[in-house]
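Heads up, the sequence shown is in the working numbering, so the first residue is 3 and it goes up one at a time. In this text, a Cβ means the ideal position worked out from N, Cα and C, and glycines have one as well.
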Amino acid sequence: MSIAAEAVAMANDPPKYFDYANAPAHQIPRSDLDAMQLAVLKQRFADLKDRLPVLTSIAREMGIDSIVALEDGASLLFPHTVYKSYPVSLLEKNRFGPLTKWLGRLTTIDLSNAEVDDCDGIDAWLKALEDSVGLSVTHSSGTSGTMSFLPRTSDGYRIISDVFGMSSREANGIENDARNEPWHTFYLGFKGGRSHAGRAASWAFNNFAHAPEYFDTLYDVDMSSDVMFMAARVRLAEARGELDRLDISPAMKARQAEFEETQRKAAEALDRIFEKMISLRGERVYIGGMNGALTELAQRGLAEGYRDTFGPDCIVQCGGGTKGGTLPDNWEELALEFTGAKQIAQYYGMTEVTMISSKCSEGHYHVPPWVVTYVLDPETGAALAREGVQTGRAAFFDLVPQTYWGGFASGDEITVDWTPCPCGRTTDHIHPQIQRFSEKRGGDDKITCAAADDAHAAAIEILAQG
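Structural data, given as structure tokens:
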């Protein structure tokens, strides 16, 4: 098989190509890796440049007809605003027909037969897209007052779930041949959802629990996309002093009541989870979800004399989520003392990229071979040399998607090292000091890509066309 054929096979289904093991993915010689990534980038551009109006527009403006070098991909990155470039009134007024037409300009999947006319909210709309055309859309949290919608396919969702499993097993020393063995799994959050965070519960189920009898969640309902959107709009209106002008539909208000009822039951839910945890002392346990909930459980357990509850084989992978409170500075120590786990595994990733990277022994996040890393000058958007150590705006080309464009400029400031990592992996790696540009700039972060501003403006106009 040629290197190009190998590369495409790898990018089309990375978990299958690497036999669901993470370590081999990070042992490809650097020269081979560059050649493989270039081969796939060429293929993806050739396949999509005339089928995605946004990409067609940017490529035309930049005068790019074909990909010659990896660096060419930096001129074709989408800013994150592309995925939320619809009028927000479409969401507010449940106008899912026009919204589906907008989304159809970002994917090669034919959405014309999607049955969305009767949808009374975002949850219903996303379910209809999945049921009728197989599109497993993932959305952002909506903290800016609107939501980004990534048109991932059902197969793409399966791949990222498998990638989560690969990274988690390696980070916690689990042999690959034991990947199908069930673990008692606690997910301290909602049982599912269509946001990146909401989908993490199903990743835990797919890769650790494997069966309902091994799976317990804090909330027995899915995280509602409607409620997330409404909460974000309320926060934004409050900040602007415009709460009295906020228009919320009766259907969304009904979902808010449902969500508030779930929150009211949180204390009871924590009691249930705590009792189940104590009943499994000494068992092999996986814990994921909100670190705020884990901290409450740990504080209660330690107060009642429970230490090293599950032993060193326990896996803890908890992240952001304090239920409106603040975490104590020593929350990690409390969690480790209560559970007995050796570490709280840390990862780097984002909604738009098929990447969930765990820290290596040197404390670096390694980028998998199916993702091309770029570092952009934060002022000009120009791509910095892909060599040595570079600090700037994180940008990636996800080689996995075959139905939408994988090039994406993020809001993160990162430092990337292309020199060999002492841990022995060959892939480029990101230093752990990662910061949002919006935090550095007081909430103002205008992403400038290497493509000219007018090229992206033209692309947004393409999306806005009726």
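Residues bridged to residue i [DSSP beta-bridge criterion]
| i | result |
| --- | --- |
| ALA397 | TYR376 and ALA411 |
| THR140 | LEU152 |
| SER359 | TYR350 |
| HIS431 | HIS368 and ASP419 |
| CYS320 | GLY291 |
| ALA385 | LEU378 |
| PRO81 | ALA411 |
| LEU54 | None; LEU54 has no bridge partner. |
| ILE391 | One detail in the question is off: residue 391 reads as Val in this sequence, not Ile. According to DSSP, VAL391 bridges with ASP419. |
| TYR159 | Per DSSP, none; premise fails for TYR159. |
| PHE217 | THR187 |
| ASP224 | GLY194 |
| ARG438 | ASP414 |
Residue burial classification, residue i (beta-carbon count within 10 angstroms, cutoff 16)
| i | result |
| --- | --- |
| GLU334 | buried |
| ILE176 | buried |
| ALA385 | buried |
| PRO252 | exposed |
| ILE436 | exposed |
| THR145 | exposed |
| ARG32 | exposed |
| GLU415 | buried |
| HIS458 | Below a pLDDT of 50, predicted positions are generally treated as unreliable, and HIS458, at 39, falls in that range; no measurement from the model is reported. |
| THR393 | exposed |
| VAL229 | buried |
| THR341 | buried |
| SER91 | exposed |
| VAL70 | exposed |
| LEU101 | buried |
| LYS325 | Low local confidence applies: a pLDDT of 43 at LYS325 is under 50, so the model's placement there is unreliable, with the coordinate-based value given in what follows. Exposed, since its Cβ has fewer than 16 Cβ neighbours within 10 Å. |
| ARG182 | According to the sequence as given, residue 182 is Asn; it is not Arg. ASN182 should be labelled exposed. |
| MET3 | exposed |
| ASN332 | exposed |
| ARG201 | buried |
| VAL391 | exposed |
| ALA387 | exposed |
| SER87 | buried |
Distance between beta carbons of residue j and residue i, contact taken as under 8 Å
| i | j | result |
| --- | --- | --- |
| ILE317 | TYR288 | 5 Å |
| LEU475 | LEU43 | The structure shown has nothing for residue 475, since the chain only spans 3 to 468. |
| THR155 | SER142 | Contact flag wrong, Cβ pair sits at about 18 Å. |
| LYS344 | PRO434 | Rounded, the Cβ-Cβ distance is 18 Å, inconsistent with contact. |
| GLY147 | ALA234 | 6 Å |
| GLU299 | MET279 | In the sequence as displayed, the identity of residue 299 is Leu instead of Glu. Their Cβ separation, rounded to whole angstroms, is 7 Å, which keeps LEU299 and MET279 in contact under 8 Å. |
| ILE5 | ALA41 | 6 Å |
| VAL402 | ALA13 | 6 Å |
| ALA203 | PHE192 | 6 Å |
| SER170 | ALA347 | 7 Å |
| PHE80 | TRP407 | 6 Å |
| SER440 | GLY409 | That belief does not hold up - the Cβ atoms of SER440 and GLY409 are roughly 21 Å apart, past 8 Å. |
| ARG236 | THR264 | According to the sequence displayed, residue 236 carries Val and not Arg. Not quite, the Cβ-Cβ distance comes to about 17 Å (not below 8 Å), so this is no contact. |
Beta-carbon spacing of residue i, residue j below 8 Å
| i | j | result |
| --- | --- | --- |
| GLY290 | TYR189 | yes |
| VAL355 | PHE398 | yes |
| ALA173 | TYR221 | no |
| ASP120 | SER227 | no |
| LEU296 | CYS320 | yes |
| THR187 | PHE217 | yes |
| GLY123 | LEU113 | no |
| LEU72 | VAL374 | yes |
| HIS198 | THR140 | yes |
| ALA23 | ASN178 | yes |
| SER359 | CYS425 | no |
| ASP315 | ARG286 | yes |
| PRO153 | LEU93 | no |
Beta-carbon contacts of residue i that lie in its chain and below 7 Å, excluding the five residues immediately before and after
| i | result |
| --- | --- |
| PRO17 | ILE161, ASP164, VAL165 and MET168 |
| GLU117 | ALA130 and SER134 |
| GLU277 | none |
| LEU329 | ASN293, GLY294 and THR297 |
| GLY136 | THR155 and SER156 |
| ARG196 | LEU128, VAL139, THR140, HIS141 and SER227 |
| GLN301 | LEU336 |
Own chain partners of residue i with C-beta closer than 8 Å, once the 5 adjacent residues on each side are dropped
| i | result |
| --- | --- |
| ILE30 | MET38, PRO371, THR428 and THR429 |
| VAL10 | ALA41, VAL42 and GLN45 |
| LEU304 | LEU336, GLU339 and PHE340 |
Beta-carbon proximity list for residue i, same chain, < 6 Å, skipping 5 on both sides
| i | result |
| --- | --- |
| THR110 | ARG53 and THR405 |
| ARG395 | LEU378 and PRO380 |
| TRP205 | SER163 and PHE166 |
| LEU238 | GLY147 |
| VAL369 | THR375, THR429 and ASP430 |
| ASP400 | VAL355, THR356, VAL373 and GLY408 |
| ASP310 | GLY342 |
| MET225 | PHE192, GLY195 and GLY200 |
8 Å Cβ cutoff, residue i in contact with chain D
| i | result |
| --- | --- |
| PRO422 | The structure shown contains no chain D; it holds only a single protein chain. |
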